[in-house]
Amino acid sequence: MAKNLLIVESPAKAKTIEGYLGPDFLVKSSYGHIRDLVKGDDAIDIENAFSQKYEVPSEKKAVVEELKRLAKKAEIIWLATDEDREGEAISWHLAEVLKLPDDKIKRIVFHEITKPAILSAIQNPRQIDYDLVRAQQARRVLDRLVGFELSPVLWKKVKPSLSAGRVQSVAVRLIVEREREINAFTAEAQFRVTAVFRVDGKAVLKAELPRRFRQVEEAEEFLASCISAEFKVNSLEVRPAKRSPAAPFTTSTLQQEASRKLGFSVSRTMLVAQKLYESGKITYMRTDSVNLSDTALEGARQEISKAYGDKYHKLRQYKTKSASAQEAHEAIRPTYFGQHTVEGDAAAQRLYELIWKRAIASQMSEAQFEKTSVKIGISTREEELQAEGEVLKFDGFLKVYMESTDEEDENTSEVKGMLPPLNQGQSLELEQMQATERFSRSPARYTEASLVKKLEELGIGRPSTYAPTISTIQKRGYVIKEDRDGKPREYRILTLPTPDKTQSLAKFPEGKIKKETATEITGAEKNKLFPSDVGAVVNDFLMQHFNGIMDYNFTASVEKEFDEIAQGMKEWTRMLEDFYGPFHKNVEETIENAGKATGERELGLDPVSGKRVAVRIGRYGPFVQLGESSEEEKPRYASLRGSQSIETIGLEEALELFKLPKKIGSFEEKEMQVNIGRFGPYIQHDKKFYSIPKDMEPLDIAEEKAIEIILEKRKKDAEKTIKTFEENPDVKVLNGRWGPFIAFGKQNVKIPKGTDPASLSYEDCVKLSEEAKANPKSKPKRKKS
DNA sequence: CAGTGAGCGAGCTTCCGCTTGACTT
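Each residue of the first sequence is one higher than the one before, counting from 1 in full-length UniProt numbering.
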């Protein structure tokens, strides 16, 4: 039996470490935290110095029992959890739950999973740092108090089951405020002048006027003044430039880059990364550190020299910028730099490749350029046109990796190419000059990944919680991730043309400026985060009553206090008292005094009936109310649709909603009706529902069109049907998305492997259905009734 | 896959951070 039991947080880590240590060591994992505050409201005794009641959750019982058993037999228990606040607390919980006496405990830490690092850690054990543990308890207690006092206020004042918390509420705030900025934004038009010159008879040199024109007349005047102008190179400047690689990935930068380059959601990224980690391909994927271990630096150096040559290597040590970083792990990197690709599904391969490239590139030399700026004089004007070119002299890290950006600014997205050979004073022949109307752009909506970036900048949340936070705010219905169509927008283009390419512009007959309008699509969004009305109402409520918690600096300021506790400079109960006193008073006052938050907005009067029209949120979401509630008459209600919001909807648009449901004639002697449901517009006919294609306006659908849609759907259903039964029309064998299955009334029944769906009899279906009923899918739902 | 939206009251919801399964449609 091993004399030593070493406990880490992650089982994958445990497996690796076991290989480094001899048979005297048994290495096990705690699977993260083993205890948490009890579920209900009595977890924290506020009167009694915030003393906490912990319990081992049921899914952790087996782990704890096993560790208990092993700890009993071991002489020394090495607590090797992560070197941060949470890790220290896990060690303390282990000591408590496993009832480990102080003289059997040795607390050790290491930042990289290598044999020398672990052996050296074992040479330098310490005891549990209780100040750090208290800092964690303060963090845990504060989060529970905030979450479990604030959420019930929302249940009373907005609607049940909502939630609020130190992290999620600020995440929602960012999205709500950004949406309002976008709504308040008015695009300003400016004319941007570009010119193309011919050099040696070829149209090659593109230049731009640095200044923009607000008025179309100014732009026109500028172009007109260029008609008979001569152009020449006023100055030519060549200077070297270089670009350095980005640091290796942290959780947040990996999520951002995987979103931009691979289109992964943050949760998908984490799922795939977890698999790569478990199979030993990459280091730990939940980290805020950009640091690489010495062995990693050496591994990267060797690989770069081997694959690209020594001159491509440059040793770089990165420093983590974020003040909130706890740096218990390395940056995310491949375990072995020699392995350029991995097996597995496409997602794993692509994510690995991204991680490998980024980590390798981070140890490579700069890319070197030669930048040329040209200023072109116009004989008739003071202004100069500018052209810029770039030549790559040495690719350096660009050989493997190029970081992408969120902003695809039209001014920078044009790849700067090489310029033709030019001399100072050289005359240039104008091919074409254009003034194009361009519009200023509103701030960008958040994607999941750009929200993570922002949260990290604010020091809010941790690598392990970015993905869960984003799914929480969506699950609560505060935020919706979706695509939205853009709107067409016209813009003007003024062109100075040369009708005949051989003819110079000066000779162009009347020098007429061609004016055109073109159309572009603006405001189209893909996978962006939009606030819901509930999100906005909850946000405004919290902003009004709990300003302190909603402050972007709240986390940063409590973190500072947690640090002071960790350093033994501050009493943790004192910190909590100072926070909780005023906070709790505020909660009570708000419950007492605040009215219901509905976000109600009056839109005006219905021109037809003269009744009041108002929007607000209710139990079932945002809706319009037409008329007041009174003895004689009830108001009419209509739910808002799709992307409509109580904040932006207008009177006319709101009244449109009362045109539905609408009867549109009959078919097969049954009435048809159009309406809009949870999944979009549909036609209802004979108790059945037929969804209306996305590109059709439900209000425009007439009898004929509706019948067409019904028949279409019936045809499609018939194609999907493999078999029906005379015994019971509710039972069918259908071809589904995942293959054939039995539709048994409302119940879907799987067909066992190896069974030919076409050969099933009605009796078989009944039998299979009953079997399925007898073995219901056990959902891993935590609960007790 | 509709509609509903008053008010009562029982019993429920809820936080953040650390980990990995066992679930399938």
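All residues carry an ideal CB built from backbone N, CA and C; glycine is no exception.
- Query: Just curious, the beta strand (DSSP E) that Tyr-690 is in, first and last residue?
  - Reply: 688 to 691
- Is the beta carbon of Ser-638 sitting closer than 8 Å to the one on Ile-664? One point to set straight first is that residue 638 is Ala, not Ser, in the sequence displayed. No, these two residues do not count as a Cβ contact at 8 Å.
- Query: Which whole-angstrom value is the C-beta distance of Val-587 and Arg-601, which I expect to be below 8 Å?
  - Reply: Not confirmed; about 27 Å, so no contact.
- Query: Hey, Thr-648 and Asn-527 are a contact pair by Cβ (cut 8 Å); roughly how many whole angstroms apart?
  - Reply: Contact doesn't hold; Cβ gap of about 21 Å is too wide.
- Range of the contiguous beta strand (DSSP E) that encloses Gln-432: 427 to 439
- Message: Does the stretch 562 to 576 come into contact with the stretch 124 to 142, if we say contact requires no fewer than three beta-carbon pairs (one atom in each stretch) closer than 8 Å?
- Response: yes
- Would you call Ile-17 buried or exposed, if buried means 16 or more other Cβ atoms sit within 10 Å of its Cβ? buried
- Task: Provide the residue span of the beta strand (DSSP E) that contains Gly-389, from first to last.
- Result: 384 to 394
- Message: Quick check: what's the CA-CA separation for Gly-627 versus Gln-673?
- Response: 24 Å
- Task: Can you tell me which of Leu-262, Ala-435 and Gly-523 puts its alpha carbon nearest to the alpha carbon of Ala-449?
- Result: Leu-262
- Among all the DSSP beta bridges, which residues are the ones paired with Thr-517? Arg-492
- Query: On the premise that Phe-369 lies in contact with Ala-241, defined as a C-beta separation below 8 Å, what is that separation, rounded to the nearest angstrom?
  - Reply: 4 Å
- Hey, Gly-389 and Met-418: beta-carbon distance below 8 Å or not? In contact: Gly-389 and Met-418 (Cβ atoms closer than 8 Å).
- Can at least three beta-carbon pairs, one atom from the stretch 747 to 767 and one from the stretch 721 to 732, be found at a separation below 8 Å? yes
- Limits of the beta strand (DSSP E) - the one that Ala-524 falls within: Where Ala-524 is concerned, there is no enclosing beta strand (DSSP E), given that its DSSP letter is neither H nor E.
- Task: Assign His-584 to one of two classes, buried (16 or more other C-beta atoms within 10 Å of its C-beta) or exposed (fewer than that).
- Result: exposed
- Task: Go ahead and pull the three-state DSSP assignment for Glu-327.
- Result: Glu-327 carries a coil assignment under DSSP once its states are collapsed to helix, strand and coil.
- Message: For a quick check, are the C-beta atoms of Val-199 and Pro-420 less than 8 Å apart?
- Response: yes
- Report the rounded CA-to-CA distance for Ser-413 versus Thr-405, giving the unit in angstroms. Note on Ser-413: pLDDT 39, under 50, position unreliable in the model; the coordinate value appears next. C-alpha separation (whole angstroms): 10 Å.
- Item | Residue ranges of each alpha helix (DSSP H) within the stretch 50 to 96, 4 or longer | 61 to 73
- Query: Between Pro-693 and Tyr-352, what straight-line distance do the alpha-carbon atoms span, to the nearest angstrom?
  - Reply: 40 Å
- Would you report the Cα separation of Arg-782 and Gly-22, rounded to the nearest angstrom? The predicted model places Arg-782 with a pLDDT of 34, which falls under 50 and marks its position as unreliable, so this point remains unresolved.
- Message: Does Ser-259 come out as helix, strand or coil in the three-state DSSP assignment?
- Response: helix
- Message: Would Ala-62 and Gln-52 qualify as a contact pair, given that the criterion is a beta-carbon distance under 8 Å?
- Response: no
- Are the Cβ atoms of Val-8 and Ile-34 separated by less than 8 Å? No, they are not a contact pair.
- Message: Output needed for Glu-177: all residues of its chain with C-beta closer than 7 Å, excluding positions within five of it in sequence on either side, in chain order.
- Response: none
- Message: Does the contact criterion of 3 or more C-beta pairs under 8 Å hold for the stretch 227 to 234 versus the stretch 360 to 368?
- Response: no
- Query: Between the C-alpha atoms of Val-391 and Ala-246, what's the straight-line distance to the nearest angstrom?
  - Reply: Straight across, the Cα-Cα distance linking Val-391 with Ala-246 is about 21 Å.
- Message: Please state whether the Cβ-Cβ distance between Ser-151 and Ala-171 is less than 8 Å.
- Response: no
- Task: For the stretch 541 to 576, list the alpha helix (DSSP H) runs that are entirely contained and at least 4 residues long, ordered along the chain.
- Result: 547 to 550 and 554 to 566
- Task: Within 10 angstroms of the Cβ of Ile-521, are there 16 or more other Cβ atoms? Answer buried if so, exposed if not.
- Result: exposed
- Item | Given 8 Å, three or more beta-carbon pairs between the stretch 141 to 161 and the stretch 302 to 321 | Judged by Cβ distances under 8 Å, the stretch 141 to 161 makes no contact with the stretch 302 to 321, as fewer than three pairs qualify.
- Message: Would Val-158 and Phe-541 be called neighbours here (beta carbons separated by less than 8 Å)?
- Response: For Val-158 and Phe-541, yes; Cβs fall inside 8 Å.
- Task: Going by DSSP, name the residue or residues bridged to Thr-601.
- Result: Before going further, note that residue 601 is Arg rather than Thr in the sequence given. Note: Arg-601 sits in a beta bridge opposite Val-615.
- Item | Length of the line joining the Cα atoms of Glu-298 and Lys-13 | 21 Å
- Near Leu-651, which residues of its chain fall below 7 Å by C-beta distance, leaving aside the five closest residues on each side in sequence? Leu-603, Gly-604 and Val-613
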